[in-house]
Structures are given as structure tokens and as C-alpha cells.
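Residue 122 in the UniProt record's numbering sits at position 122 of the sequence shown, and the numbers go up by one each step. For glycine and all other residues, C-beta sits at the position ideal for the given N, C-alpha and C. To start, the structure itself, in C-alpha cells.
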Amino acid sequence: MNYLESEISALYASAHELCYLGMDGRPIYSDQFTRLNRDVFSQANALYDKHGDSDEEEARLCLSLLMGYNATLYNNGDKEERIQHILDRCWDVLEHLPASLLKVQLLVYCYGEVFDEELAREAQAIIDTWQDRELSEEEHEVMERLKDVQENPYPWSEVE
Numbered sequence: 001m002n003y004l005e006s007e008i009s010a011l012y013a014s015a016h017e018l019c020y021l022g023m024d025g026r027p028i029y030s031d032q033f034t035r036l037n038r039d040v041f042s043q044a045n046a047l048y049d050k051h052g053d054s055d056e057e058e059a060r061l062c063l064s065l066l067m068g069y070n071a072t073l074y075n076n077g078d079k080e081e082r083i084q085h086i087l088d089r090c091w092d093v094l095e096h097l098p099a100s101l102l103k104v105q106l107l108v109y110c111y112g113e114v115f116d117e118e119l120a121r122e123a124q125a126i127i128d129t130w131q132d133r134e135l136s137e138e139e140h141e142v143m144e145r146l147k148d149v150q151e152n153p154y155p156w157s158e159v160e
């Protein structure tokens, strides 16, 4: 594993931990939450200008960055601009990815930012091919995330 791959994996793991903090029933402590937010935001900022050497590595990097920025509370005033730049990178790489868990994850996180139904349909089409076999924990998570984002678009929708 090269240096960039290890940094991407570290950001993914930290962002995942932050996204699912407390979901296992354990209490959330403010110092842990604050530290994890700060660490994820710092890791994302450090990787923001990096690019993967392959389509898969670029996709993993974009996914980890989207997860990181989505999960954190911090914003230095340019977070939305950074997310848009990452989305632009996603559009370039998505068409080159084979139908896979990575592609579904990236489609779902992009969908969670822009709510383009075509992204959700493409993710669902790949998920539908997973029938008739046992699913991994990550496959279950991405299916649940897609469902959650589709059912709960707030705060991205107008509440009447």
C-alpha cells in the first residue's frame, strides 16, 4: 500500500467512524466527538488537492473526501466550494468505474449532495444485481444510506 492509499484509508476509516458514532448504542462523549470532527476535517483538507493514480484510487479518494466533509461540522468558509470541486472530479471518474460496491458508494454520496435521481437509479440498478447472495456489512450500509437519503432529504428540501 502506497502513502496516498494509506492516507485515503485513514480518512475513510475516520469519516466512517464519525458518520456512525453512537449508532452502536455506546454513548457519545463531547471530547471524542470534537476530536474526531477536527481530525476528519484536517485529514480531508490534507488530501483535498491529491489525485489518485487510477480510476479506482481517485474514486476511493473522492468518496473519502465526500464522507469526510459530509460528516464534519467544521467549515473554513470554503467547504461548499470544495465539495463542488470533488463532485466535478466524481463526474469524471464515475463513467470509468465498473459496477461495484465502490461505484455504488460514490453514486450514493454524490446523490446525497445533488439529489439527481439518475444517480440513485444507477446505484439501485447495481444493488439489484446483489440479490441471491449474502451481503457484506459495507453493502448493507450503502443500501441503508441510499434509503435514508431518499426518504429524508431534509435539510436539502424545503419544509412547508
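message: With a threshold of 8 Å, are at least 3 pairs of Cβ atoms found where one atom belongs to the region 48–66 and the other to the region 20–37?
response: no
- prompt: In its own chain, which residues sit with a C-beta less than 6 Å from the C-beta of valine 108, not counting the 5 before and 5 after it?
  reply: As a position in the sequence shown, residue 108 is number 108, starting the count at 1. Same-chain partners within the cutoff: Ala123, Val142, Arg145 and Leu146.
- prompt: Just how far apart, CA to CA, sit leucine 63 and aspartate 78?
  reply: Here residue 63 corresponds to residue number 63 of the sequence shown, with the count starting at 1. Here residue 78 corresponds to residue number 78 of the sequence shown, with the count starting at 1. When rounded, the distance between both Cα atoms is 18 Å.
query: With 16 other CB atoms within 10 Å as the buried threshold, where does arginine 26 fall?
result: Mapped onto the sequence shown, residue 26 falls at position 26. Exposed is the call here.
task: Would you grab the beta carbon distance between residue 238 and alanine 120 for me? Rounded to a whole angstrom, and I think it's under 8 Å.
output: Residue 238 is absent from the structure shown; the chain starts at 1 and stops at 160.
message: Can you give me the C-alpha to C-alpha distance between serine 100 and valine 114, rounded to a whole angstrom?
response: Here residue 100 is taken as the residue at index 100 of the sequence shown, counted from 1. Here residue 114 is taken as the residue at index 114 of the sequence shown, counted from 1. Computed Cα separation, rounded: 21 Å.
- prompt: Alpha carbon to alpha carbon, how far is valine 104 from aspartate 53?
  reply: Translated into the one-based positions of the sequence shown, residue 104 becomes position 104. Translated into the one-based positions of the sequence shown, residue 53 becomes position 53. If I take the Cα positions, the gap works out to 20 Å.
query: Cα separation between aspartate 55 and glutamine 131?
result: As a position in the sequence shown, residue 55 is number 55, starting the count at 1. As a position in the sequence shown, residue 131 is number 131, starting the count at 1. The alpha-carbon atoms of aspartate 55 and glutamine 131 are separated by roughly 26 Å.
- prompt: The alpha helix (DSSP H) spanning serine 42 covers which residue range?
  reply: Residue mapping note: residue 42 aligns to position 42 of the sequence shown, counting from 1. Serine 42 -> alpha helix (DSSP H) spans 30–47.
query: Do you know whose CA, among Ser42, Leu21 and Arg82, lies nearest glutamine 32's CA?
result: Reading the sequence shown from its first residue, position 32 is the one you call residue 32. When each option's Cα is compared against that of glutamine 32, the closest is Leu21.
field: Contact under 8 Å by Cβ, alanine 15 with glycine 68
entry: Residue mapping note: residue 15 aligns to position 15 of the sequence shown, counting from 1. Residue mapping note: residue 68 aligns to position 68 of the sequence shown, counting from 1. Between alanine 15 and glycine 68, the gap from beta carbon to beta carbon is short of 8 Å.
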